[in-house]
């Protein structure tokens, strides 16, 4: 499977979005795959959350509740049609 973008929830059970992102990025490196844009979606708007998302390898950060216009802008920024 190939994906144009991944909308990553940071607060998932079993494996959080930060660890999932790290594993995806490692797989991309190991298999010499192009990097898929990973966009964080989280209700956690505390100081440092955006930096933690980027440190894990996420490309952008979108706080919840998601506004349609903000999501559209982010998708346009990371996708080429």
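Numbering (this note's numbering), first residue to last: 124 to 204. Ideal Cβ positions, reconstructed from N, Cα and C, are used throughout, including at glycine. Here the structure is a predicted model, which is why all the values come from computation and not from measurement.
- Annotation: residue 129 is outside any alpha helix (DSSP H); the continuous beta strand (DSSP E) that includes it extends over 129-132.
- Scanning its chain for C-beta atoms nearer than 6 angstroms, with the 5 sequence neighbours on each side dropped, one finds around residue 159 the residues 126, 129, in chain order.
- Under DSSP, residue 161 forms a beta bridge with 129.
- Taking all protein chains in view, the Cβ of residue 185 is crowded by 16 or more other Cβ atoms within 10 Å, so the residue is classified as buried.
- With respect to the 8 angstroms criterion, residue 131 and residue 197 are not classified as neighbours on the basis of their beta carbons.
- Only exposed fits residue 169, as fewer than 16 other CB atoms lie within 10 angstroms of its CB.
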